[in-house]
Amino acid sequence: MADQNHELRKAGLKVTLPRVKILQILENAPDQHHLSAEDVYKALLEAGEDVGLATVYRVLTQFESAGLVVRHNFDGGHAVFELSHDEHHDHMVCLESGEIVEFYDEQIERRQQEIVDEHGYELVDHALVLYVRPKGSKATRQESPNPKGPNLKNKA
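Add 1254 to the 1-based position in the sequence shown for our numbering, that's all there is to it.
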């Protein structure tokens, strides 16, 4: 808990029990690097914590503003959050399962920088999301395996 208190203070946030609990959920999610507000809320309920869904949304937005988390809006509609990392990475999102795969490729990064340079710009930031499907699948970006959005699973 001391680590979470330090992280919250470092981000300029007051230490409150809901913030600490939500940060713990994000840090301790073993296979889930990308959690929706609903995922966090369900994890809190399973842990017997009395934190409302509106509080979860508010805290995640505060964490985003403070730079503790990054919000992603992949196809499928709803936002997912991951802890901010110093290391850059890109994402692949499976259109069939909703699985999110994180990856880093030096050649892609180098080529993006070359393209920016060729056009006379300076790269400030970028996000690369590859939408993929299993070979032989007919899944498209217009479809979703779940009407409320993909059932996001993580593989990092």
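Ideal Cβ placement from N, Cα and C applies to all residues, glycine included.
Treat the numbers as computed from the prediction; the structure is a model and nothing was measured.
query = Which residues mark the beginning and the end of the alpha helix (DSSP H) in which Arg1263 is found?
reply = Ala1256 to Lys1264
ask   = Below 8 Å between beta carbons: does that hold for Ser1338 and Val1323?
value = yes
Cβ neighbour criterion (16 or more within 10 Å) applied to Phe1357 = exposed
query = Counting pairs of Cβ atoms below 8 Å between the stretch 1267 to 1280 and the stretch 1313 to 1323, do you hit three or more?
reply = yes
request  = Look at the alpha carbon of Glu1376 and the alpha carbon of His1343, and state the distance between them as a whole number of angstroms.
outcome  = 19 Å
key: Three-state class that DSSP yields for Asp1344 in the structure shown   = strand
query = In chain order, which continuous runs of the beta strand (DSSP E) of length 3 or greater are located wholly inside the stretch 1351 to 1392?
reply = 1353 to 1357 and 1383 to 1386
key: Whole-angstrom distance between His1373 and Gln1361, CA atom to CA atom   = 19 Å
Cβ pair Ala1291, Leu1267 closer than 8 Å = No. Outside cutoff.
key: Through-space distance from Leu1299 to Cys1348, alpha-carbon basis   = Answer to the nearest angstrom: the Cα atoms are 28 Å apart.
Alpha-carbon to alpha-carbon, Phe1328 and Arg1387 = 15 Å
query = From Asp1340, Arg1395 and Tyr1311, pick the residue whose C-alpha is nearest to that of Ser1351; which is it?
reply = Arg1395
query = What residues match up with Leu1289 in a beta bridge as DSSP calls it?
reply = Phe1335
task = Give a yes or no on whether the C-beta atoms belonging to Val1214 and His1345 are separated by under 8 Å.
result = Because the chain here runs from 1255 to 1410, residue 1214 falls outside it and cannot be looked at.
query = Under the three-state reduction of DSSP, which class applies to Val1274: helix, strand or coil?
reply = When secondary structure is reduced to three states using DSSP, Val1274 falls in the helix class.
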